[in-house]
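Numbering of the sequence shown is given in our numbering, commencing with residue 424 and proceeding in unit increments.
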Amino acid sequence: ARIRRVVWAGLVMGLTLWQRAVYLAAGIGSWMAAMCFAKPSSGRRVMGMAALWLGIALMIIAPWVMRNYGLFHRVVLTTDAAHILWLGNNPSSNGTYSDQEGTRVFYLADPRFQQRVMGASELEQYDLFLSEVRRFIKESPAQFGGLVLRRLWAFGWFSPNAGVGYAGGERVLYQVWYVGLLGLGVAGMRLFWRRATSPACAQAVMVLAAVAGLAVAHAVTAINMKHRVPFELVLAIFAAETIAQGIAAVRG
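As structure tokens, then:
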């Protein structure tokens, strides 16, 4: 039964990678948590299941990778990956895709760099963005580190351009809703841990580790509020714990 679940998990992850490769970080986070909870005698078995999961997921996207290798003569999952990495890691970046007014980071970059990118092919753009990221990290490691921390903070709170493009009332409504969800969710985590059994706690940690994996992935690339939807879903689950226990307390 466990092997069957691992196979299904690998298939789901493989299909997910077709849509968004960053979710691989979520799966890795969960498996790392599983290894931490595994007994010493079960460590190799858990590692074997993780390898099976990863192998199946990679097998699902293998046709796409092979297609890209045939076109570009290198292993490339998506040619936009370097662009996303650059959006969050360049001298003009605040860690997101735009400034507080909504102007995309690309149009804040050096005009000469913009011209080079606009005149390059798809793969040449990939190399240009990746080269600029490497140069930025090498020349400005402190700024890079600061951007990583800002994105990590934004994953749980708000990014500098949160709500840009929305009416003021809509932005305030989302902020109030999220603060309430965050408070209820954190309270629900505490309540859950007080009553849950050890296996249930381990399962919850694996879910939270998946979210942590996404947070780390976006912390080193770029962040947008839509990227934390999985975190909001997890908060909603724990918020339900707070609400349920609150109703039970009122009913006596």
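Even for Gly, the Cβ is constructed at its ideal location relative to N, Cα and C. Note that the structure is predicted; figures quoted are calculated from it, not measured.
query: A432 versus L605 - alpha carbon distance; result: 28 Å
query: Classification of H650 by the beta-carbon crowding that lies within 10 angstroms, buried from 16 upward; result: buried
query: Proximity to E664 [Cα-Cα], best of L607, I646, A640 and S582; result: L607
query: Of the listed residues V498, T519 and A619, nearest to H506 (C-alpha basis); result: T519
query: Extent of the continuous alpha helix (DSSP H) to which A432 belongs; result: R425 to Q442
query: L438 burial status per 10 Å Cβ neighbour count (16 or more: buried); result: exposed
query: Which of helix, strand or coil DSSP assigns to S554; result: helix
query: Own chain partners of V488 with C-beta closer than 7 Å, once the 5 adjacent residues on each side are dropped; result: V498 and L500
query: Validate contact between the region 457-464 and the region 635-655 using beta carbons, cut 8 Å, 3 pairs; result: no
query: Buried or exposed (CB count within 10 angstroms, at least 16 for buried), F661; result: buried
query: Nearest candidate by alpha-carbon position, reference E655, set R618, Q538, R468 and F581; result: F581
query: For R497, the three-state DSSP class (helix, strand or coil); result: coil
query: Cβ-based neighbour list, F559, same chain, cut-off 7 Å, excluding 5 preceding and 5 following; result: N512, N513, P514 and F567
query: Any alpha helix (DSSP H) of 4 or more consecutive residues that is wholly inside the region 573-613; result: none
query: Segment limits, alpha helix (DSSP H) that includes F536; result: P534 to M541
query: Distance between beta carbons of N584 and D503, contact taken as under 8 Å; result: In fact, because the Cβ distance is near 20 Å, the residues do not count as touching under 8 Å.
query: Buried versus exposed, by CB contacts within 10 Å (16 or more), S516; result: buried
query: R465, DSSP secondary structure in three states; result: Sequence check: residue 465 is Ser here, not Arg. Residue state, collapsed to three classes: helix.
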